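Working notes, structure below.
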Amino acid sequence: MRTIYLITAFVAVLTVSLLGLRGRRFVQPPVDVFPEWAFPGMKYQPKLTQQTASPFFADGRSDRAPPPGTVPASYGPAGQALRNDGFLYAGKAPDGSWARGFPRALKVDMALLERGRDRFTIYCAPCHGALGDGNGVMRAYGMGATASYHDERLRKMAEGEIFNTITSGKGQMNPYGDKLAPADRWAVVAYVRALQRARTGVVGDVPDHHKGELEVQ
Amino acid sequence: MPALFQKSANRLPLQLILYLCVVACVATAGVTYYMTPKYTRVGYAPIQPVPYSHAKHVGELGLDCRYCHSTIDTAGAAVPTAQTCMNCHSQIRTASPALASVRASFETGRPIPWVHVHVMPSFVYFDHSVHVNRGVGCVECHGKVNEMDVVTQRKPMSMGFCLDCHRAPAERMRERKDVFNLDSPTIAEAKGILVAREFIREWKISPPQSCSGCHR
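Same order as they appear, the protein sequences are chains A and B.
All letters in the first sequence, in the order written, are residues 1 to 217 by our numbering.
All letters in the second sequence, in the order written, are residues 1001 to 1216 by our numbering.
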């Protein structure tokens, strides 16, 4: 009897030393305790979800790009059915020049600016810096070409052109239109304007009830 | 004729039953330890086609999760496009061999074959936006990604894991602004459990516990 217990203990010790403890790192796909071939179920259904591969299409992707010329339905801040508002979606005035000001469909208020700050901090600050002066964290790693918002040309630039820079990129900067919906792009433009305004601010701009918070430097 | 069974054989049935009990205990312990997701999944760190490191890009550069996983708070998690990488790598480390397949993907449009780390069975409905927008931080389900060179599964992602939180979310909620900051404390840690309970009440947070909530 004692031998049997010893063998059992030996098998247990062997198992533990072979299989290790919980939480060890491994690179092979996890083992299915109830594999599909032995216990057919609904675990891996042959449906296509986002970013899965599909041999059915020539490019091997399940995500399909919309055919050229497709217009998304009900997309936009005011739920417009069609993207026919050139100002809102392309930053263009009716005569084809870059539009100035902000589209009618958006209300420029504190909420829009807060949204703009949020999006700017995520998508623009790594390169352009929190102040918009081009001194983001990436400068130290060798991105020297990043523009500062505080030069005369960009200060005078029409809002529509900044919008278009975000949508389709410019020079060395890649487009951000895939990450920011049109309304968010306008929010970022509004925040860029706020940054530019703040750079030229003088003491006289500070409301009286906030003057006490200023520190002399 | 000597006795066919020795006297000690009287104890044999008892000993056998005892032994079977011991074996049953050992086997149960083995199965619960080795055949549950805590063992089979936690620690999975597949070899990725590009040696991309979250520790470098998030921990060191301070990028926000949404810079790359930009659909996380609206449509669900997605791995970033090659263009997202090229935003910076068109100017930084442009000749690095580690980035060769990123450049190739950007030029040809063929996706980089990233390996899925966390996988839900198809019969489970899971959506990131409802968690992220209500104050469940990435770290609750993915661990400290900002310190990982290779993304490693840290939580079992079993039904019990989901339900543990759905039954008692108060202790694990974060402020909205802290959701993407993996080093931030939960509300309960920062301000005490009473404030966290108040948050649950105020935001009317009631995660589903019925089967049809997740198996729809």
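Heads up, the beta-carbon is just placed ideally off N, CA and C, and yes, glycines get one too.
This structure is a prediction, so every number in the text was calculated from the model and none was measured.
Q: Indicate whether at least one CB of chain A lies closer than 8 Å to the CB of B:T1040.
A: yes
Q. Alpha carbon to alpha carbon, what distance is there between A:W37 and A:S148?
A. 59 Å
Q. Got a sec? Which residues, its chain only, sit under 8 Å from B:A1075 by beta carbon, not counting five neighbours each side?
A. S1129
Q: Taking only beta-carbon positions, decide if B:F1123 is within less than 8 Å of chain A.
A: yes
Q | A:I162 to A:M173 span [Cα, whole Å] | A | 12 Å
Q) What's the call for B:W1203, buried or exposed, on a 16-neighbour Cβ count within 10 Å? A) exposed
Q | the region 1116-1135 of chain B contacting the region 1064-1075 of chain B, beta-carbon criterion three pairs below 8 Å | A | yes
Q: Would you please state the rounded distance, in angstroms, between the beta carbons of B:F1199 and B:M1173? I believe it to be under 8 Å.
A: 6 Å
**Q.** Any C-beta of chain B under 8 Å from that of A:R185
**A.** no
Q.
I want to verify the contact list: residues of chain B whose CB lies under 8 Å from the CB of A:N174, in sequence order.
A. Q1083, M1086, N1087 and S1090
Q: Return no unless some Cβ of chain B is closer than 8 Å to the Cβ of A:R229.
A: Nothing in the structure corresponds to residue 229 of chain A, since chain A is present only between 1 and 217.
Q: Give a yes or no on whether 8 Å exceeds the smallest Cβ distance from A:P30 to chain B.
A: yes
(Q) Is it buried or exposed, A:C127, if we count other Cβ atoms within 10 angstroms and call 16 or more buried? (A) buried
Q) Does any C-beta atom of chain B lie closer than 8 Å to the C-beta of A:T167? A) no
Q: Using three-state DSSP, classify A:M110 as helix, strand or coil.
A: helix
**Q.** Contact list for B:V1026 against chain A, beta-carbon separation under 8 Å
**A.** T8 and A12
Q) When you check each C-beta in the region 1131-1160 of chain B against every C-beta of chain A, which residues fall closer than 9 Å? A) V1150, T1152, Q1153 and R1154
Q: Kindly indicate if chain A contains any beta-carbon less than 8 Å away from that of B:G1192.
A: no
(Q) Alpha carbons only, please: which of A:I166, A:A198 and A:G116 is nearest the one belonging to A:Y176? (A) A:I166
Q. By Cβ distance below 7 Å, which residues in the same chain neighbour B:S1206 in space, the five residues on each side in sequence not counted?
A. none
Q) Taking the Cβ atom as the reference point for each residue, do B:V1058 and B:L1099 lie within a distance shorter than 8 Å? A) no
Q: Mark A:A145 as exposed unless 16 or more other C-beta atoms lie within 10 angstroms of its C-beta, in which case mark it buried.
A: exposed
**Q.** Helix, strand or coil at A:A26 [DSSP, three-state]
**A.** At residue 26 of chain A the sequence reads Phe, which differs from the Ala that was named. If DSSP states are grouped into helix, strand and coil, A:F26 belongs with the strands.
Q. If you draw a straight line from the C-alpha of B:A1078 to the C-alpha of A:D118, how long is it?
A. 20 Å
Q. So, helix, strand or coil for A:W98, using DSSP?
A. strand
Q: Can you give me the Cβ contacts of A:N164 inside the same chain, cut-off strictly under 6 Å, excluding the 5 residues immediately before and after it?
A: G91
Q. Under 8 Å, do B:Q1091 and A:G142 count as touching if we go by C-beta distance?
A. yes
(Q) Let me see if you follow: with CB-CB separation under 8 Å, is B:I1112 close to chain A or not? (A) no
Q.
Taking only three categories from DSSP, how would you classify A:Y149?
A. coil
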